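Novice: Anchor point for the sequence shown: position 44 equals 1116 in the numbering used here, and the numbering is continuous, going up by one each time. Where a beta carbon is used, it is the ideal one built from N, C-alpha and C, also for glycine. These figures come from a predicted structure and were not determined experimentally.
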Amino acid sequence: MRILKKIITIVYFTLLAYGGFNAYFVTSFKDNVLRDGLGRELYEAPAILKFLWIESHWPGFNWWLFDMVYFWGGISFIVFVLWRGEFEK
């Protein structure tokens, strides 16, 4: 069971690193449309995000919310569900 937990953890963090890198560091401009590395269309970020996040473009609130749930939800699942009890021994 411990090896399965390690495999799930490695796969999740590999996908997280790949998706995070493509979403935030890769952009392309084709047919007058700015896209991130995941193919999502990017729009000009609201002023508050420019001030707080220092990002000039973003994929929109729904994609941003999905990114946050995927990131924090996945880490919470790995730490609190999958590896729960492993460090209490």
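For the beta strand (DSSP E) containing residue 1106, list its first residue and its last residue.
Specialist: Against the sequence shown, residue 1106 aligns to sequence position 34. Note, residue 1106: beta strand (DSSP E), 1105 to 1108.
Novice: Determine the contact status of residue 1109 and residue 1098, defining contact as a CB-CB distance below 8 angstroms.
Specialist: On the sequence shown, position 37 is the one that residue 1109 refers to. On the sequence shown, position 26 is the one that residue 1098 refers to. Going by C-beta atoms, residue 1109 is nearer than 8 angstroms to residue 1098.
Novice: Using 8 angstroms as the limit for Cβ to Cβ distance, is residue 1122 near chain B?
Specialist: Among the chains of the structure shown, chain B does not appear; only one protein chain is present.
Novice: Where does residue 1148 fall in DSSP's three states?
Specialist: Taking the first residue of the sequence shown as 1, we reach residue 1148 at position 76. In the structure shown, residue 1148 sits in a helix (DSSP, three-state: H, G or I).
Novice: Please confirm if the segment 1117 to 1132 is in contact with the segment 1140 to 1147, defined as three or more CB-CB distances below 8 angstroms between the two stretches.
Specialist: Contact fails: fewer than three Cβ-Cβ distances are below 8 angstroms.
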